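See below for the structure under consideration.
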Amino acid sequence: MADSEDRVFEARQTICPFCGVGCALAYDPKNGKATGREGPVNARGELCPKGVAAFDVVDHDDRLTKPLVREHGRFVTAPWEEAFDRIEAAFGDIVAQHGPDALTFFASSNCTNEENYVLQKLARMLGTNSVDNCARLCHSSTVAAMGERFGAGAMTNSMADLREADAYLVVGANPAENHPITFQSYLAPAIKSGTTLIHVDPRANATTKQADHHLPVRPGYDIPLLNAMAKVVVEEGLTDEAFLDERVEGYDALRAFLDDVDVDRNADLAGVDADELRAAARAYASVERGAIFTGMGMSQHHCGTDNVHALLNLALLTGNVGKPGSGVNPLRGQNNVQGAGDVGALPNVLPGYRPVTDEDARERLAAEWGVEPPPMPGLTEVEATHAFGDEVRGAFVLGENPAMTEPNTNRVREQFERLDFLVVQDLFRTETAEHADVVLPGSAWAERGGTVTNTDRQVQRMRPNGDPPGDARPDLDVLCELGARLVDADAFDYDGPEAVFEELTRVTPQYAGMSYDGIGAGSQRWPFPEGAEEGTAVLHRETFGTGEKRAELRVVEHVDPVDSVDDDELVLTTGRVLQHFNSGALSRRSGILVRLRGEDVLQIHPDDAAARGIEDGDEVRVSNDRGTVTVEADVTPGIRHGTVFATFHYADPLVNVLTGDTLDPVAKIPEYKHSAVRVSVERADESGEPADESGAATGTD
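Structure, rendered in structure tokens:
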């Protein structure tokens, strides 16, 4: 348990630990809470409810303060030396017997650039590229498609210049709830001043309330919708001919494909009104500056990369790339999910997104590290989990909770039990930590120094407001100690996070011109080449990140969802809400946030509820062949007919037991957004045991 009585906090400006917006905040000694600071993003010191509650977890009674080791099936506390000795011996044996690829490393999108850089360096110096982070589960398909076509998988624009847009096309994202400061401080004022908002989402939510057009797409049918919008753009002469001539290839092939697209048929397939689809396409394409925002509703499909390719076509057809108020702008979910990828915590790319197969890139790292990284891509996060107990025998998990966040969770937890040795470094005994052989107490966001990179590529500094509790140590110190023991002491001998940052700028071209002094209390945005005076806000003005002047239009065919849907089934789609965050390991330990939203609900359309005898507030049983959960029904017309919605924030109900683990062939992202489920009223038999509608007792699933 954390001992808060002996802890002293200072009000030093740092960055909110939750979403990727990157709001500045600090400890407020008057009330022991977080208070907003005027930062590069939240210029007026604005915070959302999660930011205000950020200090709730720092001194929570559940905090780990000593290492835990497993003895005879149970955890006991142990000195750091013993914990390190066990890890060193176990990982050393695995490498000796099975090779370095028998280890896998889960980096953390909630940790700093410096911590993630050190972890991926440790993995690669050991001899494996099997290091990944939760970007795999949220935006890897966006990064793959944008990286291939544009040469960079991040936001093309800055939040500041996006105020200049005449239209916003928001597809599969809900920024009003999930990125509230972005929405309130940047988008909403523009909308109030006349910017048109088009919202593509199966649900009517807080973002939809300000939309001029809402297309409630059927989950899994984004490609027919986007192709139909592209057909309208071409058919009605709304393309940017000058941009097509100068900056685009493949127009003739795409136009020939679109000749066979029937807008009415595609709209029907996507479950939207054809006239409204046409109106939405015109609203985006007919203005001078149209900006696309995209989120996990697009990316979390087994065809997520193709979804994004279809979206990129719209931006290219209309010339909405390379100028203020335009572009394609993925909204990143965690406070450093962008930075974790930037510094190489991915199995297929090195720091700066250079492929591991690039000999020159490996040689450059070898000159810095003294060891060349392996030349073949490693396993992605979900691929590694599937290989536990076979080609993967040991795992290190830093600040993530895959036993809750990965799909088909019942299978995932069985897989964790097959490992020879698991190490978890975290703040709490998470669901993943319960499978570990060694648990290392980590440092909270308010106890770490370093940098994080937000959703529009701004690198900002985090500063510790206090020290870790008890015997807990800063994460960077722990990772450096492990690197020294497992690899080489000299290679991990850093005098604090600034020294790590200086090294990563030498091997990450996008960060080459940055420094701690240059960032100061503000930010520096990548790309920031060596010798530059400032970073670049709007990408792809003259050439794309590929180095080419032109980008390719892509013919994209519809791909059916993996789960077929029987007549008695509905489609489950998952997502976030304002009050909670990811697996809930942090937000469910906040009294403020739990009071705001204590339990999950299943949103279900009134027609679907009536057909099943479900009334608002009923306990319902949601099941498929992968698992079963019980949750309260929220009967609302805000969810489209045939679809139900729940979040993934709660350990009970653990909705990810229902989601499938079929992967996108390119990005290897799972299909979270389309799972066929059966929904029925949860009844009890005379003994009080839960029963299904036939009256048969079902036990305690």
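Read in order, the letters of the sequence shown correspond to residues 412 to 1112 in my numbering. Using N, Cα and C, we set each Cβ at its ideal position, and we do this for glycine too. Model, not experiment: these values are computed from the prediction.
Comparing alpha-carbon positions, the option among Thr618, Arg629, Asp679 lying closest to leucine 983 turns out to be Arg629. Here lysine 960 is exposed, its C-beta having fewer than 16 other C-beta atoms within 10 Å. Shown here, glutamate 802 sits in coil according to DSSP, grouped into three states, outside any helix or strand. Just so you know, the alpha carbons of alanine 667 and glycine 744 end up roughly 37 angstroms apart.
In this structure valine 419 is exposed. Its beta-carbon is surrounded by fewer than 16 other beta-carbon atoms within 10 angstroms.
Beta-bridge pairing by DSSP links valine 973 to no other residue. CA-CA distance, glutamine 508 to leucine 830, rounds to 14 angstroms. Here threonine 768 is exposed. Its C-beta has fewer than 16 other C-beta atoms within 10 Å. Per DSSP, the continuous beta strand (DSSP E) segment holding arginine 485 begins and ends at 485-488. Annotation for asparagine 638: the continuous alpha helix (DSSP H) segment containing it runs 633-646. Using a 10 angstroms sphere on the CB of alanine 1021, the tally of other CB atoms stays under 16, which defines it as exposed. Contact annotation: isoleucine 426 and methionine 873 have beta-carbon atoms nearer than 7 angstroms. By the Cβ-count criterion, proline 440 is exposed, with fewer than 16 other Cβ atoms from all chains shown falling within 10 Å of its own Cβ. Under DSSP, methionine 873 takes part in a beta bridge, and its partners are Gly861. Secondary structure remark: continuous alpha helix (DSSP H) runs of at least 4 residues inside the segment 501-539, in chain order: 524-537.
Taking one beta carbon from each stretch, the segment 949-965 and the segment 727-737 have 3 or more pairs nearer than 8 angstroms; the two touch. Close CB contacts of valine 898 within its chain, under the 7 angstroms cut and outside five residues either way in sequence, are with Leu533, Met536, Leu537 (chain order). Nearest to methionine 815 by alpha-carbon distance, out of Val823, Asp979, Glu449, is Val823.
Contact annotation: the segment 637-650 touches the segment 681-697, with at least three C-beta pairs closer than 8 angstroms.
Alanine 883 sits in coil when the DSSP states are folded into three classes, being neither helix nor strand. Secondary structure at leucine 688: helix, using DSSP grouped into helix, strand and coil.
Proximity to glycine 583 across Asn718, Val1092, Asp656 peaks at Asn718, based on C-alpha coordinates. In this structure glycine 715 is in contact with alanine 1078, their Cβ atoms being roughly 6 angstroms apart against a cut-off of 8 angstroms.
The DSSP assignment places 792-797, 813-816, 820-827 as complete runs of the alpha helix (DSSP H) inside the segment 778-843, in order along the chain (cut-off: 4 residues). Counting of Cβ neighbours within 10 angstroms places lysine 603 among the exposed residues, the total staying below 16. Taken through DSSP and simplified to helix, strand or coil, lysine 444 comes out as strand. Two segments are said to touch when three or more pairs of C-beta atoms, one from each, lie closer than 8 angstroms; by this definition the segment 834-850 touches the segment 475-484. Check the Cα spacing between valine 1033 and each of Val1068, Asp663, Leu1004: the tightest is with Val1068.
Secondary structure of leucine 436 (DSSP, three-state): strand.
Excluding five sequence positions before and after histidine 550, the CB atoms of its chain that fall closer than 6 angstroms to its own CB belong to Ser710, Pro741, given in chain order. Gln826 is the residue among Glu811, Gln826, Val918, Tyr579 whose C-alpha sits nearest the C-alpha of glutamate 802. Proximity to glycine 433 across Arg474, Gly661, Asn521, Lys1084 peaks at Asn521, based on C-alpha coordinates. For phenylalanine 1056, the uninterrupted beta strand (DSSP E) segment begins and ends at 1054-1058. Per the coordinates, the alpha-carbon of cysteine 430 lies some 24 angstroms from the alpha-carbon of leucine 761. Distance from the Cα of alanine 465 is smallest, within the candidate group Glu493, Ala546, Ala435, Arg455, for Ala435. The Cβ atoms of threonine 1070 and tyrosine 1083 sit closer than 7 angstroms to each other.
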